[in-house]
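Colleague: The structure's right below; bear with me while I get my questions together.
There are 2 protein chains.
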Amino acid sequence: MSKAARNPSMHDVAARAGVSHQTVSRVLNDFPGIRPETRERVIEAIRDLGYRRNMAARALATGRSEVIGVIMPEVPHFGPTSTLYAIEHAAKRAGFKPLITTASWDADSMGEALDFLLGRSVDALVVMAQHPDVLDAVDAITDVPILFVLTGNSHGDRSVAVDQVRGTRLVLDHLYELGHRRFQHVTGLTGLTEAGLRRDTFVSFLDEHGLDHLPILEGDWSADAGYRAGLQVADGVTALFCANDPMAMGAIHALEERGLDVPGDVSVAGFDDVPEAAYTHPGLTTVHQDFTEVGLRAVALLLAQINHEPVGPVEPVEPWLIVRDSTGPAPA
Amino acid sequence: MSKAARNPSMHDVAARAGVSHQTVSRVLNDFPGIRPETRERVIEAIRDLGYRRNMAARALATGRSEVIGVIMPEVPHFGPTSTLYAIEHAAKRAGFKPLITTASWDADSMGEALDFLLGRSVDALVVMAQHPDVLDAVDAITDVPILFVLTGNSHGDRSVAVDQVRGTRLVLDHLYELGHRRFQHVTGLTGLTEAGLRRDTFVSFLDEHGLDHLPILEGDWSADAGYRAGLQVADGVTALFCANDPMAMGAIHALEERGLDVPGDVSVAGFDDVPEAAYTHPGLTTVHQDFTEVGLRAVALLLAQINHEPVGPVEPVEPWLIVRDSTGPAPA
DNA sequence: GGCTATCATGTTGACGATAACATCGGGTGC
DNA sequence: GCACCCGATGTTATCGTCAACATGATAGCC
């Protein structure tokens, strides 16, 4: 009870090994020019004492923390979460860890998150920016390398994204080729970049093909919202494009409750290709987004910046279409 | 280009406000006994300089970091992820943030994760321990308050968990009451505590009711695994209990491919109540686990420990049964 | 008017690491 | 044999903050 006090420091290790604390530091940091037996003794002392480097002190002295700050949306959706895990893995391999905080899109919330992370001297910043406004809030930061993820299509060389427009066109073309001419769309959460891009692309698509504009149904990414939207799908619609998979699942459920067959009467397509999409009934036609690849690229890019390597232009990640049973030929 | 160098420190702020750095510190930490006009001047200087507290230095001086370390499983499943978000929210409200790292269950991986987090002087530790072995690896830690989450049923006053046994019995009782007598089970990933508890409870249940033991189907939580298991469901089985919802979805898909009707021929139940479970076809009977509540309790418990408040015994979180259309009366 | 209590603030020394510079004891070159 | 260099290690200053103690005014009290 008396001595539980302090964790051992470099000085303690040094004393035990009969060297100076600086030698301990050198061993820890793999400096060359240490006699093997000295190193041996230090390592042994470290083990004996259960010594563990104090990163706060190290960060203070070096100005680096080996931590990457990540700002996430407040709601745990599939995409950002998958990307987060990929970031974690890739960063870990490079000796970094994510420090995560959530923020909504208002400037206050974003500012708070930034203060928090920068105050911890993170070495880099990943912002999962789902709303265009955050770009402005964050653009001013120059202290550390910073990267936007999932912002939609692109934001110069500071972002990694899946090509939303291309993904959307893939589904819509697919449906058009099946003969569908009456489309409706269930949007993602209003205001978010991805939701906006999918919606805008949908609208342009209708215009390009001279198709009717039926009311656009507002969703929020949730299966519940998809279900509600499904109840409101207009008569005569044969193709329903939902901005993500859970909403598509909800919508299909609603359509079937209304006595409509999918895809016999209405073809339904989603977006994201969640792992369950292959096993819904009917199997969901959707667009596969490689969220893992997004995370990997983000980390690679940040590491390059941290090491002051040149960074080329960033290609958007290509999505691809996955056709399953929820879409079929337009009814006659 | 010349002066982008260093972030402003307390000294810079102090100089600009014409006070000592300690006064700045006092303002920042809301100490009483500061003349309002002095405080005013300091705050102004802070704003002008865009000063931000250096938490590394603060952590070094105080030994506290206002960070909670979280060790997560390496795979992004619904449960742990939901809990993580809940932890983030609850911690944030108390001025803490999670520092996240992943680890598999082997001692090395876990040890590395612990070193990393403890080296950063986290104020508390949450371990999402899905494997019994990690308990030993981590039990020795006494530096900081530590809490296990999702370990299955309980591990003294150091864990928060959903009552797995109870949840499992809820589904099985439900199926039994519907007249089912031939059961099969698709397990979660072998080795994980939750998977084991559900499986063990299933086996005990069969014994208690004197029911036949058909082969147990090994899964890994994924919808894919559920699908493969579904292809192997034995003839004559009328009730299939899957250890989570995605596997149940996969299994249903497989059963239908085999020409079996759900729930006409086989009733299928899952576990977790993922948001999409209500909208599968047929709607999935499952056990709702309140992962958010788990996260909230975990944080509340840790905060109490950090503040040295007494901690009572921890009740397991109660799951509840959600009956939908994937289960029905046993066929005659 | 001198003594003490109190308030507001300043000064100094940790905290535990790294970085820059200093030392010391051989070998080498000539 | 002397100057020099180099490899291995030690010494000291520094990072930005908080904690503990020191100071210097002001005010109240007898």
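These protein sequence lines are chains H and P, in that order. Here the working numbering runs 59 ahead of the position in the first sequence, where the first position is 1. Here the working numbering runs 59 ahead of the position in the second sequence, where the first position is 1. Cβ coordinates follow ideal geometry from the N, Cα and C atoms, glycine included.
1. Report the residues of the stretch 145-165 of chain P with a CB closer than 8 angstroms to any CB of chain H, ordered along the chain.
2. Going straight from the alpha carbon of H/Ser163 to that of H/Ala307, what length do you get?
3. Please confirm if H/His367 has its CB atom under 9 angstroms from at least one CB of chain P.
4. In chain order, which beta strand (DSSP E) runs of at least 3 residues are fully inside the stretch 206-256 of chain H?
5. What is the rounded straight-line gap between the Cα of H/Asp46 and the Cα of H/Glu316?
6. Under the rule that 16 or more other beta-carbon atoms within 10 Å means buried, what is P/Trp379, buried or exposed?
7. With a threshold of 6 angstroms on Cβ separation, who are the neighbours of H/Phe155 within its own chain once the five nearest residues in sequence on each side are excluded?
8. Note down, in chain order, all residues in the stretch 173-188 of chain P with a beta-carbon under 8 angstroms from any beta-carbon belonging to chain H.
9. CB H/Phe264 to CB H/Leu229, shorter than 9 angstroms?
10. With a threshold of 16 other CB atoms inside 10 Å of the CB of H/Gln81, please say whether the residue is buried or exposed.
11. Pick from H/Pro274, H/Asp271 and H/Val219: whose alpha carbon is nearest that of H/Glu253?
12. How would you label H/Asn88, buried or exposed, when you count the other beta carbons within 10 angstroms and need 16 or more for buried?
13. Could you name the residues of the same chain whose beta carbon sits closer than 7 angstroms to that of P/Phe104, not counting the 5 residues immediately before and after it, in chain order?
14. Would you please verify whether the beta carbon of P/Leu119 is less than 9 angstroms from any beta carbon of chain H?
15. So for H/Asp331, helix, strand or coil by DSSP?
16. Indicate whether at least one CB of chain H lies closer than 9 angstroms to the CB of P/Ile105.
17. Taking the alpha-carbon positions, what's the P/Ser385 to P/Phe330 distance?
18. Could you name the residues of the stretch 334-363 of chain P whose beta carbon sits closer than 9 angstroms to any beta carbon of chain H, in the order they occur along the chain?
19. Using DSSP's beta-bridge definition, name the partner residues of H/Pro157.
20. If the cut-off is 8 angstroms on Cβ atoms, which residues from the stretch 276-292 of chain P count as contacting chain H, listed in chain order?
21. Can you tell me whether H/Ser79 is buried or exposed, with buried defined as 16 or more other CB within 10 angstroms of its CB?
22. Per DSSP, H/Leu380 forms a beta bridge with which residues?
23. Would H/Val129 and H/Met187 qualify as a contact pair, given that the criterion is a beta-carbon distance under 9 angstroms?
24. Considering just the uninterrupted stretch of the alpha helix (DSSP H) at P/Val185, what are its terminal residues?
25. So, do the stretch 243-263 of chain P and the stretch 272-283 of chain P have three or more beta carbon pairs nearer to each other than 8 angstroms?
26. In whole angstroms, give me the CA-to-CA distance for P/Arg100 and P/Leu209.
27. Is there a C-beta anywhere in chain P that falls below 9 angstroms from the one on H/Ile311?
28. What is the rounded straight-line gap between the Cα of H/Gly354 and the Cα of H/Ala149?
29. Under the assumption that P/Ala389 contacts P/Arg240 (Cβ atoms under 8 angstroms), give the Cβ distance between them as a whole number of angstroms.
30. Against chain P, with Cβ distances strictly below 9 angstroms, would H/Thr140 count as a contact?
31. Going by alpha carbons, who is nearest to P/Glu171 out of P/Ala313, P/Met131 and P/Val262?
32. Which residue marks the beginning of the alpha helix (DSSP H) containing P/Glu96, and which one marks its end?
Modeller: If we stick to the structure as given:
1. Glu147, His148, Lys151, Lys156, Pro157, Leu158, Ile159, Thr160 and Thr161
2. 25 angstroms
3. No, H/His367 lies away from the interface with chain P (no Cβ there is under 9 angstroms from its Cβ).
4. The qualifying runs are 242-248.
5. What the structure shows of chain H is the stretch from 60 to 391, and residue 46 of chain H is not part of that stretch, so it cannot be assessed.
6. exposed
7. Glu125 and Ile127
8. Asp174, Phe175, Leu177, Gly178, Arg179 and Ser180
9. no
10. exposed
11. H/Val219
12. Burial call: exposed.
13. The sequence shown places Ala at residue 104 of chain P, not Phe. Counting only residues of its own chain and dropping the five nearest sequence neighbours on each side, P/Ala104 has a CB closer than 7 angstroms to the CB of Val72, Arg75 and Ala76.
14. yes
15. strand
16. No, its Cβ sits nowhere closer than 9 angstroms to a Cβ of chain H.
17. 13 angstroms
18. Pro334, Glu335, Ala336, Ala337, Tyr338, Thr339, His340, Pro341 and Gly342
19. H/Ile127
20. Ser281, Ala282, Asp283, Gly285 and Tyr286
21. Exposed, since its Cβ has fewer than 16 Cβ neighbours within 10 Å.
22. H/Val346
23. H/Val129 places its beta carbon less than 9 angstroms from that of H/Met187.
24. Element bounds for P/Val185: not the alpha helix (DSSP H) but the beta strand (DSSP E), Ala183 to Met187.
25. yes
26. 50 angstroms
27. Chain P, which has a Cβ nearer than 9 angstroms to the Cβ of H/Ile311, makes this yes.
28. 8 angstroms
29. 7 angstroms
30. yes
31. P/Met131
32. Pro95 to Leu108
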